[in-house]
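Q: If you're matching them up, the sequences are chains L and Y in order. For the first sequence, the residue numbers in my numbering are 645 to 791. For the second sequence, the residue numbers in my numbering are 159 to 341. Glycine included, every Cβ here is placed at the ideal spot set by N, Cα and C. From a predicted model like this one, the values you see are computed outputs, not experimental measurements. This is the structure, below, for whatever I ask next.
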Amino acid sequence: MNHNDAVNDTALRQLAERLGTRAAERLDVERTAEAVVTRLRQEPRGAGRVWAAFDPAWLRIAAALVLVVGAGLVARGAFQPAPLSEPALAVPGAGPELSELSAPQLEELLRTVAEPGGARDAGAAPDVGLEDLSAPQLRALLASLEG
Amino acid sequence: MSPAEPVAAVPTDAALIAAWQGGDEQAAAELVRRHARALARFLAGGGAPEAELDDLVQEAFIRAFRALDRFRGQCRFRTWLLTIGGNVLKDAFRRARRVRVVPLDEELRSADGDPHEHAVALEAERRLGDALGQLPRLQREVFLLRAQQGFEYEEIAAALGTTPGAARVHYHHAVKRLKEYLE
């Protein structure tokens, strides 16, 4: 800080010290004291305590939490994916991976696929999938999975 | 040699607060007498219109007396009272949405001494008041508590619920910006 800064700081501080002095001097302190005591007497001490009991900072935090939770619920509703349609192939207890199926489940799957006019028209699928395999191919697959 | 007359002990703020909490209205009146002018200066420095100063001072005292149960003596009563005054002023601004400025000629009419010097001083104060109005509230309050009221950073920090270091930073930011405004 150079000399000019120090001078400016001093001047600023002196100016700040004077700020509001005249207005404060014109305040009738005795009358203000009487008015405050009268108001304290007239307004019961419990008046407004319900809200006063809550720190404004806590009220702000509570309001912010309500907003965040509300916004979260709205966003969840807006971005939630549409419910999935019925599974194309109902396999009781089947997981997402074929390798997770037990031997009886795979056999059940095999039977379903082997049935003529099964639940799904295999020819409609553009990609080659499990349903495109023939019964011997599926048996071979089952045997390989069983080790 | 006559016995020395007992010196009337001046009750501390803490004693007056305890007396008020025990139902002594005169203790409350004494606290108002003791701190009203400092509070009025703080409010006026923060931009309170003089016409509303009495009402704002009263409101700050009423809020303070109502909230005394929560005053833990973490700082002086006056510092705590001034921060309540800051809240009262903020609410008043919110209601008014604008700061009314006392016309210059009204101030000049009530002036004693050299009218020219008075006008110059008044203009400087008005410019500082305008500049203070441009500051964020925390910077403004820290500046007033430090520069106008003469409190230490530790005291200011305790009243505002911050650290002395942060209070110091707010003060220096305020001074820097005020200088920019006033240049």
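Strictly under 8 Å for the Cβ-Cβ distance: is Leu659(L) near chain Y by that measure?
A: It does: the Cβ of Leu659(L) has a partner Cβ on chain Y nearer than 8 Å.
Q: Val681(L) to Ile175(Y), Cα distance in whole Å?
A: Going from the Cα of Val681(L) to the Cα of Ile175(Y) covers about 14 Å.
Q: For Leu703(L), does the count of other Cβ atoms within 10 angstroms reach 16, so buried, or fall short, so exposed?
A: Flag for Leu703(L) reads exposed.
Q: Give the range of the alpha helix (DSSP H) segment to which Gln184(Y) is assigned.
A: Segment 183-203, the alpha helix (DSSP H) holding Gln184(Y).
Q: For the candidate residues Leu777(L), Ala747(L), Asp776(L), Arg666(L), whose alpha-carbon lies nearest to that of Gly203(Y)?
A: Considering only alpha carbons, the answer is Arg666(L).
Q: Could you check if Ala763(L) is buried or exposed, using at least 16 other CB atoms within 10 Å of its CB as the buried criterion?
A: Low confidence applies to Ala763(L): its pLDDT is 43, below 50, so where it sits in the model is not reliable enough to give any reading.
Q: If you pair each beta-carbon of the segment 779-788 of chain L with each one of the segment 746-754 of chain L, do three or more pairs fall below 8 Å?
A: Segments in contact, yes.
Q: If you measure between the beta carbons of Thr241(Y) and Ala315(Y), is that distance less than 8 Å?
A: Result no, Cβ atoms of Thr241(Y) and Ala315(Y) do not sit closer than 8 Å.
Q: Look up Arg234(Y) in the DSSP assignment and say whether it is helix, strand or coil.
A: Correct three-state label for Arg234(Y): coil.
Q: Between the C-alpha atoms of Phe309(Y) and Pro273(Y), what's the straight-line distance to the nearest angstrom?
A: About 32 Å.
Q: Note down, in chain order, each residue of its chain lying with its Cβ closer than 8 Å to the Cβ of Leu201(Y), except the 5 sequence neighbours on either side.
A: Closer than 8 Å at Cβ, skipping near neighbours: Leu211, Leu214, Val215, Ala218, Gly243, Val246, Leu247.
Q: Could you spell out the range, first to last residue, of the alpha helix (DSSP H) harbouring Val680(L)?
A: Where Val680(L) is concerned, the enclosing alpha helix (DSSP H) stretches over 673-686.
Q: Once the 5 residues before and after Gly761(L) are set aside, which same chain residues still bring their CB inside 8 Å of it?
A: With a pLDDT of 48 at Gly761(L), under the threshold of 50, the modelled position of this residue cannot be trusted; read the value that follows with caution. Here the set comprises nothing.
Q: Given that Val344(Y) touches chain L, what residues does it touch there, using C-beta distances under 7 Å?
A: This structure gives no information on residue 344(Y), because the portion of chain Y shown stretches from 159 to 341.
Q: Do Arg304(Y) and Leu340(Y) count as a contact pair if the criterion is CB distance below 8 Å?
A: No, Cβ-Cβ distance for Leu340(Y) and Arg304(Y) is not below 8 Å.
Q: Give the straight-line distance between the Cα atoms of Gly291(Y) and Arg720(L), rounded to the nearest whole angstrom.
A: Those two C-alpha atoms are separated by around 43 Å.
Q: According to DSSP, is Gly291(Y) helix, strand or coil?
A: Here Gly291(Y) sits in helix by DSSP.
Q: Kindly list, in the order they appear in chain Y, the residues whose Cβ is closer than 7 Å to that of Val681(L).
A: Neighbours of Val681(L) on chain Y, chain order: Glu183, Ala186, Ala187.
Q: Kindly list the residues whose CB is nearer than 8 Å to the CB of Val257(Y), restricted to its own chain and excluding five residues on each side of it in sequence; keep chain order.
A: Caution applies to Val257(Y), whose pLDDT of 49 falls short of 50 and renders its modelled position unreliable; the value that the coordinates give is listed next. Here the set comprises Gly205, Pro207, Phe251, Gly291.
Q: Check for me: the alpha helix (DSSP H) holding Ser788(L) runs from which residue to which?
A: Looking at the DSSP string, the run of the alpha helix (DSSP H) that includes Ser788(L) is 779-789.
Q: If you draw a straight line from the alpha carbon of Ala282(Y) to that of Gln686(L), how long is it in whole angstroms?
A: Cα-Cα distance, rounded: 42 Å.
Q: Run the CB neighbour count on Gly664(L), radius 10 Å, all protein chains shown included, and call it buried at 16 or more, exposed below.
A: Flag for Gly664(L) reads buried.
Q: Using CA coordinates, which residue listed in Glu312(Y), Gly323(Y), Leu226(Y) is at the minimum distance from Gln179(Y)?
A: Closest by alpha carbon: Leu226(Y).
Q: Using DSSP with H/G/I as helix, E/B as strand and the rest coil, what is Leu663(L)?
A: Of the three classes helix, strand and coil, the one that applies to Leu663(L) here is coil, per DSSP.
Q: For Arg662(L), return the contacting residues in chain Y, with the cut-off set at a CB-CB distance below 8 Å.
A: By Cβ distance, chain Y contributes Ala279, Glu283.
Q: Measure the Cβ-Cβ separation of Leu336(Y) and Ala289(Y) and say whether it is below 8 Å.
A: Yes, the Cβ-Cβ distance between Leu336(Y) and Ala289(Y) is below 8 Å.
Q: So which residues of chain Y does Thr815(L) contact, with C-beta pairs closer than 8 Å?
A: Because residue 815(L) is not part of the residues shown, which for chain L are 645 to 791, the question remains open.
Q: Taking all protein chains shown into account, decide if His330(Y) is buried (16 or more other Cβ within 10 angstroms of its Cβ) or exposed.
A: Under this definition His330(Y) is an exposed residue.
Q: Using a Cβ-Cβ distance under 8 Å, would Ala194(Y) count as near chain L?
A: Closer than 8 Å to some Cβ of chain L, the Cβ of Ala194(Y) qualifies, so yes.
Q: Val713(L): buried (16+ other C-beta within 10 angstroms of its C-beta) or exposed?
A: It is exposed - the Cβ of Val713(L) has fewer than 16 other Cβ atoms within 10 Å.
Q: Would you mind telling me which residues of chain L sit closer than 9 Å to Ala325(Y), beta carbon to beta carbon, in chain order?
A: Neighbours of Ala325(Y) on chain L: none; closest Cβ ~16 Å, over 9 Å.
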